[in-house]
Every structure is written in structure tokens, then in C-alpha cells.
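S.K.: 170 is the number of the first residue of the sequence shown in our numbering; add one for each residue after it.
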Amino acid sequence: MDESPAISFGDNVRIASTPETIKLGVAGKNGQVYGITTPSVTGIEMIGQSPKDHAVNVYFEDASEALWFAPELVEFVDHGAGTAVEIAGQKSVRNTDGSWSNPTSQ
Numbered sequence: 170m171d172e173s174p175a176i177s178f179g180d181n182v183r184i185a186s187t188p189e190t191i192k193l194g195v196a197g198k199n200g201q202v203y204g205i206t207t208p209s210v211t212g213i214e215m216i217g218q219s220p221k222d223h224a225v226n227v228y229f230e231d232a233s234e235a236l237w238f239a240p241e242l243v244e245f246v247d248h249g250a251g252t253a254v255e256i257a258g259q260k261s262v263r264n265t266d267g268s269w270s271n272p273t274s275q
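#1: Which residue's Cα is closest to the Cα of A257: N271, T265 and G212?
#2: Quick test of the definition: if touching needs 3 or more C-beta pairs under 8 angstroms, does the region 224–233 touch the region 195–213?
#3: Look up Q201 in the DSSP assignment and give the residues it is bridged to.
#4: Only counting the same chain, and skipping five residues up and downstream in sequence, which positions put a Cβ closer than 7 angstroms to that of K221?
#5: Relative to the alpha-carbon of T211, which residue among H223, S219 and Q218 has its alpha-carbon at the smallest distance?
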């Protein structure tokens, strides 16, 4: 039974090794989740196939690129503690448990 938490924005992940990910040179690579979408609505093309209508966007810093993957190809590593984002002047920082804190409001 898989005990990994659900993948969400900001998580660090590893791409599973399949014939398709090996061919594309991304098998075993680590990246960070930048988004999740519904391919039937957005029309994006994803790597892999999934019975679910979801795709996970993974950014690879070493290649400065992001690709969309079937969720089954994305393995949870950690919640990306310390990741900081700022939206409309509000800064949030990721905690080790996956929650977000707003250090400027404390």
C-alpha cells in the first residue's frame, strides 16, 4: 500500500522509470511540482497515460523546463520545505509537513 501523501504544488518529486521517461531522458530525475491540471479541459499533452483526468507539471531546475506527467509517473520525495512564493505581495514559505506559513504576518 502506498503511504505517500498526495502530490501538491511545491512538492519535490522524482519521475518513475518507464520506457517513455527513459526515452525522454527524465527517468529518475528530481523536480518540483509547479501545478496540477485536468488535461481534458486545458488540452495539455502529458507524458504517460492515466485513467485519471489529471496531470502534474514538474519543473526541472537543471534543464530550466517543465513537463506535464501522468500522476502515476510522479513519485513523492518531500514537501519542499523552505520553498517561498509571493503572490500579490503576500509571501508564503513551505513547512516540512506540507503546510504554508506567512512569515510577514507573524
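For each residue, glycine too, the CB sits at the ideal point set by N, CA and C.
As the structure is a prediction and not an experimental result, all values here were calculated from the model.
M.R.: In brief:
#1: Nearest of N271, T265 and G212 to A257, Cα basis: N271.
#2: Touching, yes.
#3: Partner(s): N181 and Y228.
#4: P240
#5: H223
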